[in-house]
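Colleague: Dumping the structure here so I can ask a few things about it.
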Amino acid sequence: MSKQLLPSDSKPQTPLHVFDLPQLYTKPTATDILQALERLAVKPRSFGNSDGNAQLTILQTGISQYLTSIIASALSWIDSDELRESIWDAASARLCERSGRTAMPSISRVFTIPMTQQTNFQLTLHEPSLTSDNLGMKTWVSSYLLAKRLHSFLTVPHSIVPSRSKIDRRLRALELGSGTGLVGLSFAVLWGSAASIRLTDLDSIVPNLAHNVEINQELLRKTGASVSTGVLNWSLETDARPEPDGDKRCDVILAADPLYSPDHPQWLVQTIQRWLYPDAGSRVVVEMPLRDAYLPQVEEFRYRMEEAGLVVLMEGEEIGFDDWEGSDGTALENNRPGKGHFRFGFYFKKPGRFRSQDLFRARRAVTLRDQTLHQAPKKRLQRD
Numbered sequence: 008m009s010k011q012l013l014p015s016d017s018k019p020q021t022p023l024h025v026f027d028l029p030q031l032y033t034k035p036t037a038t039d040i041l042q043a044l045e046r047l048a049v050k051p052r053s054f055g056n057s058d059g060n061a062q063l064t065i066l067q068t069g070i071s072q073y074l075t076s077i078i079a080s081a082l083s084w085i086d087s088d089e090l091r092e093s094i095w096d097a098a099s100a101r102l103c104e105r106s107g108r109t110a111m112p113s114i115s116r117v118f119t120i121p122m123t124q125q126t127n128f129q130l131t132l133h134e135p136s137l138t139s140d141n142l143g144m145k146t147w148v149s150s151y152l153l154a155k156r157l158h159s160f161l162t163v164p165h166s167i168v169p170s171r172s173k174i175d176r177r178l179r180a181l182e183l184g185s186g187t188g189l190v191g192l193s194f195a196v197l198w199g200s201a202a203s204i205r206l207t208d209l210d211s212i213v214p215n216l217a218h219n220v221e222i223n224q225e226l227l228r229k230t231g232a233s234v235s236t237g238v239l240n241w242s243l244e245t246d247a248r249p250e251p252d253g254d255k256r257c258d259v260i261l262a263a264d265p266l267y268s269p270d271h272p273q274w275l276v277q278t279i280q281r282w283l284y285p286d287a288g289s290r291v292v293v294e295m296p297l298r299d300a301y302l303p304q305v306e307e308f309r310y311r312m313e314e315a316g317l318v319v320l321m322e323g324e325e326i327g328f329d330d331w332e333g334s335d336g337t338a339l340e341n342n343r344p345g346k347g348h349f350r351f352g353f354y355f356k357k358p359g360r361f362r363s364q365d366l367f368r369a370r371r372a373v374t375l376r377d378q379t380l381h382q383a384p385k386k387r388l389q390r391d
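FYI, the numbering for the sequence shown is 8 to 391, going by the numbering used here.
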C-alpha cells in the first residue's frame, strides 16, 4: 500500500486536549459540538503501517468523561430534538469506539490491493459489530497479507496458480472460510474473466459476504469477474456423500487463517479433498498466522495434506499486525500474538482421484500421531 504523506509544507499538528473542545457550561451550538465529536472519531484501520499517520493526535485523558457528560446532559439550550438526538448518538458512538473492537458499531473499511507493482485497486468491505460467536465478520490480517500477494502469482516464474490455457473454460477457484471476502474478491478482480470464484463460509457469515460482493459490483463488472457466494460447512464434508462431478471441482482453493479449532485440520483437508480437481496443475494456497496456541494444528494440517497426496510447492514467512487498537486508535502491534504468518502453496505429487482407502489411511496415520501433535512443545515452524 502506498504511503500517505503529509504535504511537504505541512507542520506537525498540536495534539488535541479535552480543554480544546467545546465545554458544555458555555452552551456551545449544536454545530460546534457535532464538529468536535467528528474530530474525536476513531477511524478504522486497514492494516497498512501508514494507516492513521495523518490523523489528529488526541490526548485521551478526560475524553471518556467528556463524552459521558454530553450523553448525560439534557442539552436544554439546543431547541431542535433532532439535533440533540444527533449529538447523543455521535457521543455514544465515540465512546463505543474507545471501548474496544467488540464494542464498536458496524464499520466499512477500504482496502488497497496491488494489481501490479505499480497499480492498485480498492475494495470496500462491511464489517458488522464483532462478537465472540461471529469472528468471521472481521477482516483478519492473514487475508490482507494473502490478498496483497495474489498479484505476484500472475507472473512467471513466481506463479503458483495454474494456467489453464489449454482448456477452453475459465479457471475455477474456491475460497474456504471467506469471512468478509477480501481474498476471494481480490482474486476475482485480478483474474477477471479468466476465472470464476465461489466464496464460502458458514450460513451466519454468508449474508454479509454476499453484501460485500454487491458493494464491489462495479469493480467486478469492469474486470469481467465472475463471483458467487454460498454456504460450505467443513464439518459436513466428512459425511459419506457422492463426490462432486469433475466440472464442479476447483483448480484453485484459497484459505486464510482457517485453523482455530482442534477439529479444523481434519475438516479442512477433507473439504479440500472433496473439492480440489485431481490434476498436477491444481493448487491450494493457504495463509496461516503462527499463533503459539495453534502451531500443533498448523503442523497437523501440513501432515494431513501430505498424506492426501499434496506437497508444498512454495512456502515462506512474512510479518503482519492485526488491527486491534488502543483507545486513541493506535495499533497495539506489540501486544497481540500472531505476527508471523506462514504461507503454503500445495500441489499434487501424484495426480488422480482421491480414493476412500487413501482418506482412511490419512485418518489412521494422523490418529496415531494426534497425541504427539497436540502435546508438541510450542516453537516456531522451521522451513524444510
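Where is the CB? At the ideal position from N, CA and C, for every residue including glycine. Since we're looking at a predicted model, the values are computed, not measured.
Note down, in chain order, each residue of its chain lying with its Cβ closer than 6 Å to the Cβ of GLU244, except the 5 sequence neighbours on either side.
Modeller: Excluding residues within five positions, the ones whose Cβ falls inside 6 Å are GLN277, THR278, ARG281.
Colleague: Considering only C-alpha positions, which residue in the set PRO121, LEU178, ARG91 is nearest to TYR4?
Modeller: Since the first residue of the chain shown is 8 and the last is 391, residue 4 is not available in this structure.
Colleague: For the alpha helix (DSSP H) containing GLU313, name the first residue and the last one.
Modeller: 302–314
Colleague: Run through DSSP, which three-state label would GLN364 get?
Modeller: Unreliable placement is indicated for GLN364, whose pLDDT of 37 sits below 50; the coordinate value is still reported in the next sentence. Helix at GLN364.
Colleague: Do VAL190 and ALA263 have their CB atoms nearer than 8 Å?
Modeller: At a Cβ-Cβ threshold of 8 Å, VAL190 and ALA263 count as neighbours.
Colleague: Classify PHE118 as buried or exposed, calling it buried when 16 or more other Cβ atoms lie within 10 Å of its own Cβ.
Modeller: buried
Colleague: Taking the alpha carbon of ARG228 as the point to measure from, which residue in GLY288, GLY184, SER203, ALA81 has its own alpha carbon closest?
Modeller: Of the candidates GLY288, GLY184, SER203, ALA81, the one whose C-alpha sits nearest the C-alpha of ARG228 is SER203.
Colleague: Restricting to Cα atoms, I'd like to know which of THR33, ILE85, LEU66, THR38 is closest to VAL49.
Modeller: LEU66
Colleague: If you drop the 5 nearest sequence neighbours on each side, which residues of the same chain put their C-beta closer than 8 Å to that of SER393?
Modeller: Look at the range of the chain in this structure, 8 to 391, and you will see that residue 393 is not part of it.
Colleague: Where does GLU431 sit, in a helix, a strand or coil, going by DSSP?
Modeller: The chain is shown only over 8 to 391; residue 431 falls outside these bounds and no answer can be derived.
Colleague: Looking at C-alpha atoms only, which residue of THR146, ALA232, CYS257 is the closest neighbour of ARG201?
Modeller: Residue 201 is actually Ala in this sequence, not Arg. Residue nearest to ALA201 within the set THR146, ALA232, CYS257 is ALA232 (criterion: CA-CA distance).
Colleague: Quick one: give me the first and last residue of the alpha helix (DSSP H) that PHE194 is part of.
Modeller: 189–198
Colleague: Using the rule of at least 16 other Cβ atoms within 10 Å of the residue's Cβ for burial, across every protein chain shown, is TYR73 buried or exposed?
Modeller: buried
Colleague: Our contact map puts ASP258 next to ARG205 with C-beta atoms below 8 Å; I'd like the distance itself, whole angstroms only.
Modeller: Their Cβ separation, rounded to whole angstroms, is 12 Å, which puts ASP258 and ARG205 out of contact at 8 Å.
Colleague: Keeping to the same chain, check which residues put their C-beta closer than 7 Å to that of GLU250; ignore five residues upstream and five downstream.
Modeller: ARG281
Colleague: If you check the beta carbons only, do HIS133 and SER113 fall under 8 Å apart?
Modeller: yes
Colleague: Between which two residues does the alpha helix (DSSP H) containing PRO272 stretch?
Modeller: 271–282 is the span of the alpha helix (DSSP H), which, as asked, contains PRO272.
Colleague: Tell me the DSSP bridge mates of SER80?
Modeller: Paired residue(s): none; SER80 is not in a bridge.
Colleague: Tell me which residues share the same chain as SER87 and place their Cβ nearer than 8 Å to its Cβ, disregarding the 5 neighbours each side in the sequence.
Modeller: Here the set comprises ALA37.
Colleague: Please classify GLN125 as buried or exposed, where buried requires at least 16 neighbouring CB atoms within 10 angstroms.
Modeller: The residue in question, GLN125, is exposed, as its Cβ has fewer than 16 Cβ neighbours within 10 Å.
Colleague: When the Cα atoms are used, what is the spatial distance from HIS24 to GLU324?
Modeller: If I take the Cα positions, the gap works out to 41 Å.
Colleague: Is it buried or exposed for PHE26, if we count other Cβ within 10 angstroms and need 16 for buried?
Modeller: Exposed, by the Cβ-count rule.
Colleague: For the beta strand (DSSP E) that contains GLU134, what are its first and last residues?
Modeller: 127–134
Colleague: Starting from the N-terminal side, write out each stretch of the alpha helix (DSSP H) that is 4 residues or longer and does not extend beyond the stretch 206–252.
Modeller: 213–222, 224–230
Colleague: Please classify GLU89 as buried or exposed, where buried requires at least 16 other C-beta atoms within 10 Å of its C-beta.
Modeller: exposed
Colleague: Please report the Cβ distance between ASP210 and VAL238, rounded to the nearest whole angstrom; I am assuming they are in contact, meaning their Cβ atoms lie under 8 Å.
Modeller: Going by Cβ atoms, the distance from ASP210 to VAL238 rounds to 5 Å, so yes, they are a contact pair.
Colleague: So, LEU192 versus LEU130, is the Cβ gap smaller than 8 Å?
Modeller: yes
Colleague: Can you check which of these residues, TYR267, VAL292, GLY327, GLU314, is closest to GLN304 by C-alpha distance?
Modeller: TYR267
Colleague: Quick one: grab the DSSP three-state call for THR38.
Modeller: If DSSP states are grouped into helix, strand and coil, THR38 belongs with the helices.
Colleague: Under a Cβ-count criterion, where at least 16 other Cβ atoms within 10 Å of its own Cβ denotes burial, should PRO214 be classed as buried or exposed?
Modeller: exposed
Colleague: Would you check if the distance between the CB atom of PHE308 and the CB atom of LEU261 is smaller than 8 Å?
Modeller: no
Colleague: Does the beta-carbon of ASP299 have 16 or more other beta-carbons within 10 angstroms, so that it is buried, or is it exposed?
Modeller: Within 10 angstroms of the beta-carbon of ASP299 lie fewer than 16 other beta-carbons, which makes it exposed.
Colleague: So, with DSSP's three-state summary, where would you put MET122?
Modeller: coil
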